Every structure is written in C-alpha cells, then in structure tokens.
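Here's the structure we're looking at; comments come further down.
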Amino acid sequence: MRSTPEPSLLPSEYAFSHHIRVRFSETDAMGIVHHSRYLPYLEETRVEYLRFIGQSYADSRESLGDSAVLEANVKYRQPLKFDDLLTVHLILAATTGATFTINYLITANDNIISTAYTQHAYINAQGRPQRLPAWIKELAAQ
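For the sequence shown, the working numbering assigns the number 11 to the initial residue and increments by one for each residue that follows.
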C-alpha cells in the first residue's frame, strides 16, 4: 500500500512546471498519445526540475550515483492529441531514508489529463541503495 499522498489536482500546489508539445510520432492509430509516451514526459520534467534547482542530472549522477525508478504509476483521465501543449507539474512529495517520491499533474487546455507518481532510490555503481542527500529531504519539507 502506498503511503505517500495522492497527486493533487490543483496546479498551484506544485513546485515546478514544464511545457511539452505533443509530437506526431507519439500518437497511435487512434490519433491520441500512446500511453507509453507519458513516462518520457515525466522523465523530461524531472531532468528539467533538477536543472531548475541547480542540480543538473549529470552532476547529480556524478556525485550521488544513479537515481533508479522503483515504481511508476499513471492515472489517465483524458487523452492528449497531436500538437497539444501539455504542462507537467511536479512536486517532491515524500522521502524516506533511501527513497523519494515525486507527484505529477499533467494538464492541457485547462483540462486535467492525468496524475502520476514515481518512486526513486539513489544507488551506487554496485547497485546498492544509498542514503538520500540532505537537499532532497529539504525540498520535500517545503
């Protein structure tokens, strides 16, 4: 059972947002964005968030190791279509000693498209979990 809060439906409750334009290649035979394309949208937003807070992904990997995705969940509410401009809202929702959870809200044209969360852990070169750095815990407390 998931112990972190459900993603909020209010964009104002998110710490960061990133805009992405839907490309034709991301749509399926029905003309809507294929469900598998949502995870890359989340990943792109995470990388931009790190850049925004002054922790580039490359620097983070070098100093902390890899941030492995342990769990990903997307709840689809409305479809996205080619050329839609979507906004992915992100907030660091929770931390434990070795994991952190990010919540997302995807909107387009003033509509809620989906909610999502991903859970991560930093791992060293041997694949062993590492304790989270203080700055991640501080972000989650804000």
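The beta-carbon is built from N, C-alpha and C at its ideal position, and this holds for glycine as well.
Remember, it's a predicted structure, so these values are computed and weren't measured experimentally.
Can you give me the start and stop residues for the beta strand (DSSP E) that residue i sits inside?
{"i": "F26", "result": "26–31"}
{"i": "V57", "result": "Per DSSP, V57 belongs to no beta strand (DSSP E); it is in the alpha helix (DSSP H), 48–62."}
{"i": "A103", "result": "95–105"}
{"i": "I112", "result": "109–118"}
Could you name the residues that DSSP lists as bridge partners for residue i?
{"i": "S77", "result": "Y132"}
{"i": "P139", "result": "I133"}
{"i": "R67", "result": "In the sequence on display, residue 67 carries Tyr and not Arg. Bridge partners of Y67: none, in fact."}
{"i": "A126", "result": "V84, Y114"}
Along the chain, where does the alpha helix (DSSP H) that runs through residue i open and close?
{"i": "A144", "result": "144–151"}
Drop a sphere of 10 angstroms on the beta-carbon of residue i, count the other beta-carbons inside from all chains shown, and report buried for 16 or more, exposed for fewer.
{"i": "L96", "result": "buried"}
{"i": "P17", "result": "buried"}
{"i": "F34", "result": "exposed"}
{"i": "I63", "result": "exposed"}
{"i": "M11", "result": "A caution first: M11 carries a pLDDT of 46, below 50, which makes its placement in the model unreliable, though a value can still be read off. Result: exposed."}
{"i": "H44", "result": "exposed"}
{"i": "S124", "result": "buried"}
{"i": "H99", "result": "buried"}
{"i": "L52", "result": "buried"}
{"i": "L19", "result": "exposed"}
Count the CB pairs spanning the region 72–79 and the region 117–137 that are closer than 8 Å, and state whether there are at least three.
yes
Stretch pair the region 81–94 + the region 110–128: three plus CB contacts closer than 8 Å
yes
Decide yes or no for the touch test of the region 131–150 against the region 84–92: beta carbon pairs closer than 8 Å, at least 3 of them.
no
Could you tell me whether the region 64–72 touches the region 20–32, using the rule of 3 or more Cβ pairs below 8 Å?
no
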